[in-house]
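Q:
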Amino acid sequence: EFFARYAPAYLQGLWTTLSLVAISMVVGAIFSLPVTYGRMSKSRFLSGLAYCYVYFFRGTPLLVQVYLVYYGLGSFRLQLESVGLWWFFREAFNCGVFAFALNTAAYQAEILRGAIESVPRGQWEGAASLGLHKLQTLRKVVLPQAFIVALRPYGNELVLMIKASAIVAIITVYDLMGNAKLAYAKSFDFQAYVWVAIVYLVMV
Numbered sequence: 007e008f009f010a011r012y013a014p015a016y017l018q019g020l021w022t023t024l025s026l027v028a029i030s031m032v033v034g035a036i037f038s039l040p041v042t043y044g045r046m047s048k049s050r051f052l053s054g055l056a057y058c059y060v061y062f063f064r065g066t067p068l069l070v071q072v073y074l075v076y077y078g079l080g081s082f083r084l085q086l087e088s089v090g091l092w093w094f095f096r097e098a099f100n101c102g103v104f105a106f107a108l109n110t111a112a113y114q115a116e117i118l119r120g121a122i123e124s125v126p127r128g129q130w131e132g133a134a135s136l137g138l139h140k141l142q143t144l145r146k147v148v149l150p151q152a153f154i155v156a157l158r159p160y161g162n163e164l165v166l167m168i169k170a171s172a173i174v175a176i177i178t179v180y181d182l183m184g185n186a187k188l189a190y191a192k193s194f195d196f197q198a199y200v201w202v203a204i205v206y207l208v209m210v
């Protein structure tokens, strides 16, 4: 009876959760490319900059990062309005996506870097002997092999992102956890959290 009553809210929350995770993973993958390049760069400046980025986002709690984006950037409303970005950061969902994308970019950068470095050096040398320049070698020889190596770590990162997505409920995003909290506030029935736990278990 409880689930039948709140099923529409749970489904809406599930869609919000999946949207948040999917967008964050894709945007994070894009962000991770320059970070990976920086981590592998011979330039001490670029390498150091990328290292600091990865160190910060992997070394601080995701909850803190979400607060920094949601409440921190909210303190700069006038500045954001002046550059035309307030429309984005005034929405809690967008702040959640931005924070999650920055976080997963750090992890995905390390996954990609490790996968690229796992490709034997002989592959680079063999491609060079065939007349391929570095960009062609990376695109045609190294990356296809690296992505195969990275599949499992990427899968683990996706699972972690799904479970961590419940954090956005604290910044008023009505995702799966947010709707569970709302259902509990209305019913005071612990089933609200039992059902949300079951849904998360099914997803991961």
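In this text, residue positions in the sequence shown follow this note's numbering: the first is 7, and each later residue adds one.
Glycine residues also receive a C-beta, built at the ideal position from the N, C-alpha and C atoms.
Nothing here was measured: the structure is a model prediction, and the numbers come from that model.
So, Ala175 versus Ala189, is the Cβ gap smaller than 7 Å?
A: no
Q: If Gly107 sits next to Phe37, beta carbons under 8 Å apart, how far is it from one beta carbon to the other, in whole angstroms?
A: Sequence inspection shows Ala at residue 107; the Gly mentioned does not correspond to that position. That pair is a contact at about 6 Å.
Q: How about Val41 and Ala115: are their beta carbons less than 7 Å apart?
A: yes
Q: Return helix, strand or coil for Lys48, following the three-state DSSP convention.
A: Lys48: coil per DSSP, three-state reduction.
Q: Verify whether the separation of the beta carbon atoms of Val125 and Val165 is less than 7 Å.
A: Taking a C-beta distance under 7 Å as the contact criterion, Val125 and Val165 do not qualify as a contact pair.
Q: My output table needs one value for Leu157: the three-state DSSP class, helix, strand or coil.
A: The answer is helix: DSSP assigns Leu157 an H, G or I state.
Q: Assuming contact is defined by CB atoms lying nearer than 7 Å, are Ala152 and Ala121 in contact in what I supplied?
A: yes
Q: What does the Cβ neighbour count give for Ser193, buried or exposed, with the cut at 16 atoms within 10 Å?
A: exposed
Q: Would you tell me roughly how many angstroms separate the C-alpha atoms of Phe51 and Gly44, rounded to the nearest one?
A: 9 Å
Q: Just to confirm, are Val202 and Ala98 a CB contact at a threshold of 7 Å?
A: no
Q: Please work out which residues of its chain come closer than 8 Å, Cβ to Cβ, to Tyr206, disregarding the five sequence neighbours upstream and downstream, and give them in chain order.
A: Ile168, Lys169, Ala172, Leu182
Q: What do you get for Leu79, buried or exposed, if any count of 16 or more other CB atoms within 10 angstroms of its CB means buried?
A: buried
Q: Going by DSSP, what residue range makes up the alpha helix (DSSP H) through Ser193?
A: 182 to 193
Q: Going by DSSP in three states, Pro67 sits in which element: helix, strand or coil?
A: In this structure, Pro67 counts as coil in the three-state DSSP scheme.
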